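**Student:** Dumping the structure here so I can ask a few things about it.
Number of protein chains: 2
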Amino acid sequence: MKKTQLVKNIYKKKSFLCVGLDPDLEKFPSSILKEIDPIFSFNKKIIDATKDFCVSYKINLAFYEKHGLKGIQSLQKTLDYIPEDFFVIADAKRGDILNTSKMYADAFYDNFNFDAVTLSPYMGGDCIKPFFRNGKWSIVLIATSNPSADDFQMLKTENGIPLYIEVLEKAKTWGTSKDMMFVVGGTRPEIIKKIREHAQDFFLLIPGVGHQGGDLSEICKYGFNDQVGVLVNCSRSILYASKGDDFAEGSRIKAEKIQKEMSTYLS
Amino acid sequence: MKKTQLVKNIYKKKSFLCVGLDPDLEKFPSSILKEIDPIFSFNKKIIDATKDFCVSYKINLAFYEKHGLKGIQSLQKTLDYIPEDFFVIADAKRGDILNTSKMYADAFYDNFNFDAVTLSPYMGGDCIKPFFRNGKWSIVLIATSNPSADDFQMLKTENGIPLYIEVLEKAKTWGTSKDMMFVVGGTRPEIIKKIREHAQDFFLLIPGVGHQGGDLSEICKYGFNDQVGVLVNCSRSILYASKGDDFAEGSRIKAEKIQKEMSTYLS
Chain A
1 MKKTQLVKNI
11 YKKKSFLCVG
21 LDPDLEKFPS
31 SILKEIDPIF
41 SFNKKIIDAT
51 KDFCVSYKIN
61 LAFYEKHGLK
71 GIQSLQKTLD
81 YIPEDFFVIA
91 DAKRGDILNT
101 SKMYADAFYD
111 NFNFDAVTLS
121 PYMGGDCIKP
131 FFRNGKWSIV
141 LIATSNPSAD
151 DFQMLKTENG
161 IPLYIEVLEK
171 AKTWGTSKDM
181 MFVVGGTRPE
191 IIKKIREHAQ
201 DFFLLIPGVG
211 HQGGDLSEIC
221 KYGFNDQVGV
231 LVNCSRSILY
241 ASKGDDFAEG
251 SRIKAEKIQK
261 EMSTYLS
Chain B
1 MKKTQLVKNI
11 YKKKSFLCVG
21 LDPDLEKFPS
31 SILKEIDPIF
41 SFNKKIIDAT
51 KDFCVSYKIN
61 LAFYEKHGLK
71 GIQSLQKTLD
81 YIPEDFFVIA
91 DAKRGDILNT
101 SKMYADAFYD
111 NFNFDAVTLS
121 PYMGGDCIKP
131 FFRNGKWSIV
141 LIATSNPSAD
151 DFQMLKTENG
161 IPLYIEVLEK
171 AKTWGTSKDM
181 MFVVGGTRPE
191 IIKKIREHAQ
201 DFFLLIPGVG
211 HQGGDLSEIC
221 KYGFNDQVGV
231 LVNCSRSILY
241 ASKGDDFAEG
251 SRIKAEKIQK
261 EMSTYLS
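Top to bottom, those sequences are chains A and B. Quick note: the first sequence uses our numbering, first residue 1, plus one each step. Quick note: the second sequence uses our numbering, first residue 1, plus one each step.
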């Protein structure tokens, strides 16, 4: 998907919400567990319930790989079910030597037709470059929302700047704002502000809202650029808003609430 | 597999060779491409040809994921075919927030029964810790063998030490030499030396020998500890030693040659 299309979709739906499809059997209501393919049945209902309120779905590969062959089947059916015009992200955090990254790119783009893949930058540029392809997006981890992000990302280098800014600056030599985004945790607005200063034109994929505690108004205040420039991901807070058989209705209500709030920041 | 067993296997076979199973259809002889499951057929012959000369197999997930469901089937059949007593590594370079890393650990340990998983440390400790389980191994990327490893791993921090040493020192607070190894590229002996100074008891998984140019005698000189402490991985140089229908024989000759050289360093 091209950037112009993504921005158009955001304004049309008044939403920059990405719904994370992290299907966790332990959190499913018993009615869904009785289905032949519980993961796909769950995702199908979540997609039906949320598609009017989001522009993107993010597939967390771990939740499918956990179930081996069956999980990959559920993944394929889920991808087939997501309507066109959604920006579909493989949240895979891959990154490996050149010939291996090329294989991963084939897996996500050719085999599954994802629009984007999240990538871990520790091994440097030649692990990221095979993911740049026409119409596809590399989404590079910069500053994540988990507690131990500080272990390395916030370490200052001898240049007097934190590692995550070093990664950001180097990443800008790999791609452009038309084929690369950055992952920034939603729990620390000051980091979003800093990253926006260094990467004005780039889209930021921001998880950590909802379950992890990020605040949407702060994210928009510091994250927005003149083309919105922000995709906010919510997974658990939408998927498991209600734990009973009415889970899809719970997800719909939660997604709509977030979209309504988003629409106020967009106008 | 316990460390004592791994070391025992190394001395018994006089080999610390890990064969990387990176099946690339473009490099297969035409006879194999005609098989119903070319990847499994290829791997089966490679395993038969090399099992007397190695103690470990490393599965590069990308080469299987590229082929979707079929690739995962080939992976499962390959794992079922590897004899017991081999140390089997998922070369996956995963690492994600806590609940996601737990799912990946389930995927690799419960679903596929790997002994070990390679992990990317950019997101810090809470992304690695779910991979510690009884009898299983976390293999953390420290200093890789690819050209762009220098992008970040060699950056000096304000403490005056390179990032890869910061990662190594922090990683030592996550696990022990009985459940954690480190990935160190084989192309730079001086880095192996440095890492060995900081991590005396730990096993090092060293790729980059063969195709990438690492020298085995140098690796042993700087990498060995009093329990060997080194697994050397070769993929392409063994798998594609011969490109014709005699590929398995080519692999056998190459693996045996490496094992013979290894036996001299072990005695």
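Beta carbons are placed, not taken as given, at the ideal position from N, Cα and C, and that holds for glycine. All values derive from a computational prediction rather than experimental measurement.
Measure from the C-beta of E166 (chain A) to each C-beta in chain B and report whether the shortest distance is under 8 Å.
**Tutor:** Chain B, which has a Cβ nearer than 8 Å to the Cβ of E166 (chain A), makes this yes.
**Student:** Listed from N- to C-terminal order along the chain, which residues in the region 120–132 of chain A have their beta-carbon within a distance smaller than 7 Å of any beta-carbon of chain B?
**Tutor:** Correct list: S120, P121, Y122, M123, G124, G125, D126 and C127.
**Student:** Extract the residue ranges of the alpha helix (DSSP H) inside the region 120–208 of chain A, only unbroken runs of 4 or more that lie entirely within it.
**Tutor:** Taking only runs of at least 4 residues, the alpha helix (DSSP H) segments lying wholly in the region 120–208 of chain A are 163–171 and 189–198.
**Student:** Assuming A149 (chain A) and G185 (chain A) make a contact with CB atoms under 8 Å, what is their CB distance in whole Å?
**Tutor:** Right, their Cβ atoms sit about 7 Å apart.
**Student:** At 8 Å on the CB atoms, spell out the chain B contacts of N146 (chain A), in chain order.
**Tutor:** Simply I97, L98, M123, G124, D126 and C127.
**Student:** Quick check: is any heavy atom of the ligand NAD less than 7 Å from the C-beta of D115 (chain A)?
**Tutor:** Of the ligands one can find in the structure shown there are none, so the ligand NAD has no counterpart to examine.
**Student:** For N113 (chain A), which three-state DSSP category applies?
**Tutor:** Correct three-state label for N113 (chain A): coil.
**Student:** For H67 (chain B), would you say it is in contact with chain A, using Cβ-to-Cβ distances shorter than 8 Å as the test?
**Tutor:** Yes, H67 (chain B) lies at the interface with chain A (some Cβ there is under 8 Å from its Cβ).
**Student:** State the CB to CB distance for the pair A62 (chain A) and Y104 (chain B), rounded to an integer number of angstroms; the pair is presumed to be in contact (CB under 8 Å).
**Tutor:** Confirmed, about 5 Å.
**Student:** Report buried or exposed for T100 (chain A), applying the criterion of at least 16 other Cβ atoms within 10 angstroms of its Cβ.
**Tutor:** Looking at its Cβ environment, which holds 16 or more other Cβ atoms inside 10 Å, T100 (chain A) is buried.
**Student:** Output, in sequence order along the chain, the residues in the region 178–192 of chain A whose CB is closer than 9 Å to any CB in chain B.
**Tutor:** Cβ contacts with chain B: none found.
**Student:** Can you list the residues of chain B that N60 (chain A) reaches, using a CB-CB cut of under 7 Å?
**Tutor:** Result: T100.
**Student:** Helix, strand or coil, according to DSSP, for C234 (chain A) in the structure here?
**Tutor:** In the structure shown, C234 (chain A) sits in a strand (DSSP, three-state: E or B).
**Student:** Within the region 20–94 of chain B, note down every full alpha helix (DSSP H) run reaching 4 residues or more, in order along the chain.
**Tutor:** Fully enclosed alpha helix (DSSP H) runs of 4 or longer: 30–33, 38–50, 62–65 and 68–81.
**Student:** Could you give the C-beta distance for R94 (chain B) and K194 (chain A), rounded to a whole number, given that I count them as a contact under 8 Å?
**Tutor:** Not confirmed; about 28 Å, so no contact.
**Student:** Run through chain A and tell me which residues come within less than 9 Å of D150 (chain B), C-beta to C-beta.
**Tutor:** By Cβ distance, chain A contributes G124.
**Student:** Along the chain, where does the alpha helix (DSSP H) that runs through G214 (chain B) open and close?
**Tutor:** No alpha helix (DSSP H) holds G214 (chain B); DSSP gives it neither H nor E.
**Student:** So if DSSP puts N9 (chain A) in a beta bridge, which residue, or which two residues, is it bridged to?
**Tutor:** Paired residues: none, contrary to the question.
**Student:** Pull the bridge partners of L239 (chain A) from the DSSP assignment, please.
**Tutor:** According to DSSP, L239 (chain A) bridges with nothing at all.
**Student:** Between A:G229, A:L216 and A:D215, which has its C-alpha nearest Q200 (chain A)'s C-alpha?
**Tutor:** Residue A:G229 is the option with its Cα nearest to Q200 (chain A).
**Student:** Taking 8 Å as the threshold (beta carbon to beta carbon), is A107 (chain A) in contact with chain B?
**Tutor:** Yes, A107 (chain A) counts as interfacial toward chain B.
**Student:** If you draw a straight line from the alpha carbon of S120 (chain B) to that of S242 (chain A), how long is it in whole angstroms?
**Tutor:** Near 34 Å, if we compare the C-alpha coordinates of S242 (chain A) and S120 (chain B).
**Student:** Going along chain A, which residues have a C-beta under 7 Å from T157 (chain B)?
**Tutor:** Neighbours of T157 (chain B) on chain A, chain order: L155, K156, T157 and E158.
**Student:** Taking Cβ positions, are A255 (chain A) and F53 (chain A) nearer each other than 8 Å?
**Tutor:** For A255 (chain A) and F53 (chain A), yes; Cβs fall inside 8 Å.
**Student:** If contact is defined by three or more beta carbon pairs under 8 Å, each pair taking one atom from either stretch, is the region 2–21 of chain B in contact with the region 70–86 of chain A?
**Tutor:** These segments do not touch.
**Student:** By Cβ distance, which residues of its chain are closer than 8 Å to K2 (chain A), with the 5 residues on each side in sequence left out?
**Tutor:** Result list for K2 (chain A): G135 and K178, in chain order.
**Student:** Restricting to Cα atoms, I'd like to know which of B:S235, B:F202, B:E35 and B:Y57 is closest to F224 (chain B).
**Tutor:** It is B:F202.
**Student:** Looking only at its chain, what residues have a beta carbon closer than 7 Å to the beta carbon of V117 (chain A), apart from the 5 residues adjacent to it on each side?
**Tutor:** Cβ neighbours of V117 (chain A) beyond the five flanking positions: A90, A92, R94, F108, F131, S138 and I139.
**Student:** Is the Cβ of N225 (chain A) closer than 8 Å to any Cβ of chain B?
**Tutor:** So no, N225 (chain A) is outside the interface.
**Student:** With a threshold of 8 Å between beta carbons, is L141 (chain A) in contact with chain B?
**Tutor:** By this cut-off, L141 (chain A) is an interface position.
**Student:** Tell me, please, whether the CB atom of F93 (chain B) is closer than 8 Å to any CB atom in chain A?
**Tutor:** A small correction: the amino acid at residue 93 (chain B) is Lys; Phe does not occupy that position in the sequence shown. K93 (chain B) counts as touching chain A.
**Student:** Please report the distance separating the alpha-carbon of K170 (chain B) from that of K45 (chain A).
**Tutor:** Straight-line Cα distance between these residues: approximately 43 Å.
**Student:** CB-CB under 7 Å to P38 (chain A), same chain, minus the five flanking residues each way: which ones, in chain order?
**Tutor:** For P38 (chain A), where only same-chain residues beyond five positions count, the Cβ hits under 7 Å are L25, F28 and I32.
**Student:** Can you give me the C-alpha to C-alpha distance between E190 (chain B) and I165 (chain B), rounded to a whole angstrom?
**Tutor:** Near 13 Å, if we compare the C-alpha coordinates of I165 (chain B) and E190 (chain B).
**Student:** Let's test the definition: count the other Cβ atoms within 10 Å of the Cβ of K58 (chain A) and tell me whether it reaches 16, buried, or not, exposed.
**Tutor:** Looking at its Cβ environment, which holds 16 or more other Cβ atoms inside 10 Å, K58 (chain A) is buried.
**Student:** Which residues in the same chain have their Cβ closer than 7 Å to the Cβ of F40 (chain A), if we skip the five residues on either side of it in sequence?
**Tutor:** S74, K77 and T78, listed in sequence order.
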